[in-house]
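Quick note, the sequences are listed as chains A and B, same order.
First residue of the first sequence: 29, per my numbering; consecutive thereafter.
First residue of the second sequence: 1206, per my numbering; consecutive thereafter.
Virtual Cβ for every residue (Gly too), placed ideally from N, Cα, C.
Values in this document were obtained by computation on a predicted structure and should not be read as measured data.
Quick notes on the structure that follows.
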Amino acid sequence: MTPTLAIALTAIFTAISCAVLGAFLVLRKMTMVGDAISHAVLPGIAIAYLLSQSRASLPMFLGAALVGVFATVVIEILSKKWKVQSDASIGMTFTTLFALGVVLITFWSDKVDLDQECVLYGEIAFVPFNTWSLAGQSMGPIALWSSGILLLIVLIYTFTGYKGLLMSSFNEDYAAVLGIGVGAWNLSLMSMVSVATVISFESVGAILVVALLVAPAATAYLISQKLKPMILLAALFGLSGSLLGYLISARFDTSIAGGIATMLGVQFALILAITQFTRTS
Amino acid sequence: MFDLVLIKVLFGTLLLASSSAVVGVFSFLKGESLVGDAIAHALLPGVVLAFILGEGRHPGYLIIGALTAGLIAHYGIAFIEQRTKLKSDTAVSLVLSTFFGFGILLMSYVQRTGQGQQAGLERFLLGKAAAITMMDLYVFMGLALLLLLGVALFYKGFQLMTFNEDFAAAIGLPTGLIRFAFTVLTVLAVTVGIQTVGVVLMAALLITPSAAARSWTSSLPRMLLLAALFASAAALGGTFISATLPKMPTGPWIVLVLGFFGFSSLILAPEKGWLARRKRATSNRNKTQRENLLKLLYGAEERAGEPVAMTADAMVDAREAHYEGLTMTLRNLKKEFLVVERPDGFALTDMGRSEGRRVVRLHRLWELYLTERLGMAADHIHPQAETMEHVITPEIEALIVKELGNPEVDPHQSPIPYEED
């Protein structure tokens, strides 16, 4: 497998997983919670890294996912029980946790091989060099495997949980009447977002994963009326945006993650312009 | 030498933190805290472009670049919110992440083309207070003054816009202009603030001081002052910690200290804090439990026609009391001479009887009021009265008695027990 293909496939797998989850975040008006989770998992990653001494291990994913869910719960408590504005609850929680993460990474800098740049915008260009082997047989890049597994998990989750996700996204009261646990679906979605964030973290970093979550889904939302086409379109926009971003970055030799986020933004702007134009004419 | 650097950093962070906090209060009260977060992230491409065009770090270019990017981001968010069906959270996070991504793209371009002075740009990500030069300090001091002046000048307008935008428009205030002024001030505050904490953690400087201040006061001027104080204290604390510990970053420590202030305020503040509210809830529950016990004993006496005693177990069996805190409630009642403990259980004293009578009277009066005046069915009124009997004040009681014309019996034909005087 060529390095280019490995990078492109990792980017595509990650983008599609995030786009599908993002569609539900957009519908639930919870994109900023996704943003918060992507920042908040940092201390979890730092601690899990310190304990397991590796970048892609099960304890790391679990630890970080736990912190992500913890952040969701703190935000819920602040806004629902303590009556803090939801915006402020999100802002307070994620900045404090992210700052804690940076401090921990600095504190253990000789033991934890993560730097601030990697945290912020990832190192997808290094994906081909981090390989693993099974029984002496080289199995290829770790990130490619983890993003592929992520895509599989996300697809299984979406297919099996489709009805619950659909109902609890559109009408919480109706869902509650049907006996669908809105709180449980919320928590499960947030756990999925946490896992997706952690897996994407190394390749695209904490903030650009938000672009992957939000931009394709928002673009799809502009031109679709139903959930199924919206999810499909979001996945498509995630795919095209990451391919275009990769090509542009390769052409100008810039940050791939930055290129992908930029192209996702350009795609949104284009579709927005088209919808505005056709609406007024 | 070290001391001079430290003082410079201290003074700088102090100024930067308090000016962002003041602006943050208004967006906090408007419920738009995260727009400031988006603007902070969106400044990155503006700052990097200014770096490329200005061939280095020049505060003037930097401010123009930041201002342009910030305004584009702000009006971009507003446009998406107004012209599409996307909700505000999506608009905010979309602009935030794609602008930031574009900034990263530009930054990596600058890095690869080797335009040098890379360190000057890196610090915008997570801040680098130690890199503040004397020149920066003067510029940002000027900006902070401008900010405070702007807030003072537009105070009335901001206040009205924050609490009731429609009203502000109705009385003829130029809301568009005030919004623009507020956005410019926010962008300036963010431009100044990212020098210390960077774009990623800027939201903390805008939001957390306000959230902390809000739990201590409800007055806007006091909130502004408190927010600035919290931010300054955090700036001081964070700078000291990072100066004391080896290779610790200043920005994240300021944010951590700020977070500590924020969360402890939310927990500890009197009245609005979590502990205070919990205490209030407990004391309400205790009062309800006391009054229910007295009512229970009074009811038993009423049925028996003579003073009776009840054991704690009998009280629980009567379903009026819950186990939790029952012994303590009885002990307190005994201490206040409302009940006496006899070998066969607890009995009312004269004082306790009068109190129990009051609760029963309020219960029956309210039931009567609900059926007579509000037309509720007699079989629906009991749960309502169970709540109201603990709430009605003597003044309201007198009014109800007058309204109903000194009634004798309640809807279930039980007598309404007045105080015999």
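The closest CA to that of A/Gly50, considering only A/Gly293, A/Thr306, A/Tyr274 and A/Val242, is found on A/Val242. In the three-state DSSP reduction, B/Ala1582 falls in the coil class, being neither helix nor strand.
In this structure, A/Phe126 lies near B/Val1405, with their beta-carbon atoms less than 8 Å apart. By the Cβ test, the region 1423-1434 of chain B is not in contact with the region 1243-1251 of chain B, since fewer than three Cβ pairs between them sit closer than 8 Å.
Listed in chain order, the non-local C-beta contacts of B/Ala1440 below 6 Å within the same chain comprise Thr1218, Leu1219, Ala1222 and Ile1459, local neighbours out to five positions each way being set aside. In this structure, B/Ala1409 is the residue among B/Ala1409, B/Thr1318, B/Leu1350 and B/Pro1599 with its C-alpha nearest to the C-alpha of B/Gly1467. With a contact defined as Cβ atoms closer than 8 Å, B/Thr1391 and B/Ile1269 miss out at about 16 Å. With a cutoff of 8 Å on beta-carbon distance, B/Leu1239 and A/Gly96 are scored as not near each other.
Beta-carbon to beta-carbon, A/Phe41 and A/Leu179 are separated by about 5 Å, close enough to satisfy the 8 Å threshold. A/Leu33 sits exposed, since fewer than 16 C-beta atoms from the chains shown fall within 10 Å of its C-beta. Annotation: the continuous beta strand (DSSP E) that includes A/Trp160 extends over Thr159 to Leu162.
DSSP places A/Met167 in the uninterrupted beta strand (DSSP E) bounded by Gln165 to Pro169. Taking CB atoms only, B/Trp1479 has a neighbour in chain A less than 8 Å away.
The beta carbons of B/Gly1229 and B/Ser1415 sit closer together than 8 Å. For the options B/Thr1487, B/Leu1473, B/Thr1455 and B/Asp1555, the alpha carbon positioned closest to that of A/Trp110 is the one of B/Leu1473. Close CB contacts of B/Ser1437 within its chain, under the 7 Å cut and outside five residues either way in sequence, are with Leu1219, Ala1222 and Ser1223 (chain order).
For B/Pro1620, the beta-bridge partners assigned by DSSP are B/Val1614. At a Cβ-Cβ threshold of 8 Å, B/Asp1294 and A/Lys191 do not count as neighbours. Residue contact check for A/Asp138 against chain B: no CB pair falls below 8 Å.
Residue state for B/Val1513 is assigned as coil, using DSSP reduced to three classes. Lys1452, Met1453, Pro1454, Pro1457, Trp1458, Val1460, Leu1461, Gly1464, Gly1467 and Leu1471: these are the residues of the region 1450-1471 of chain B whose beta carbon lies less than 7 Å from some beta carbon of chain A, given in chain order. As a beta-bridge residue in DSSP terms, B/Ala1552 pairs with B/Val1545. Taking 8 Å as the upper bound for CB-CB distance, A/Leu53 and A/Val232 are not in contact here, some 17 Å apart. Within the region 1364-1388 of chain B, no run of beta strand (DSSP E) at least 3 residues long lies entirely inside it.
In the three-state scheme derived from DSSP, where H, G and I count as helix and E and B as strand, A/Pro257 is classed as helix. In this model, B/Arg1562 and B/Asn1497 are separated by some 11 Å (Cα to Cα).
Taking the beta carbon of B/Ile1282 as reference, no residue of chain A falls within 9 Å; the closest one sits roughly 12 Å away.
Close to chain A, meaning a Cβ-Cβ distance shorter than 8 Å, are the following residues of the region 1394-1413 of chain B: Val1405, Leu1406, Ala1408, Ala1409, Leu1411, Ile1412 and Thr1413. For the options B/Val1297, B/Gln1494 and B/Met1581, the alpha carbon positioned closest to that of A/Gly62 is the one of B/Val1297. Close to A/Thr59, with beta-carbon spacing below 7 Å, are these residues of chain B in chain order: Asp1294, Thr1295 and Ser1298.
The beta carbon of A/Ser270 does not come within 8 Å of any beta carbon belonging to chain B, so the residue lies off that interface. Counting C-beta pairs with one atom in each stretch, the region 1373-1381 of chain B and the region 67-77 of chain A have fewer than three that are closer than 8 Å, which means they do not touch.
Between A/Tyr77 and chain B, the shortest Cβ-Cβ separation is not below 8 Å.
Each of B/Ala1505, B/Leu1553, B/Arg1578 and B/Gly1443 was checked against the Cα of B/Ala1523, and the nearest Cα belongs to B/Ala1505. With 16 or more neighbouring CB atoms inside 10 Å of its own CB, A/Pro244 falls in the buried class.
By the Cβ-count criterion, A/Phe305 is exposed, with fewer than 16 other Cβ atoms from all chains shown falling within 10 Å of its own Cβ.
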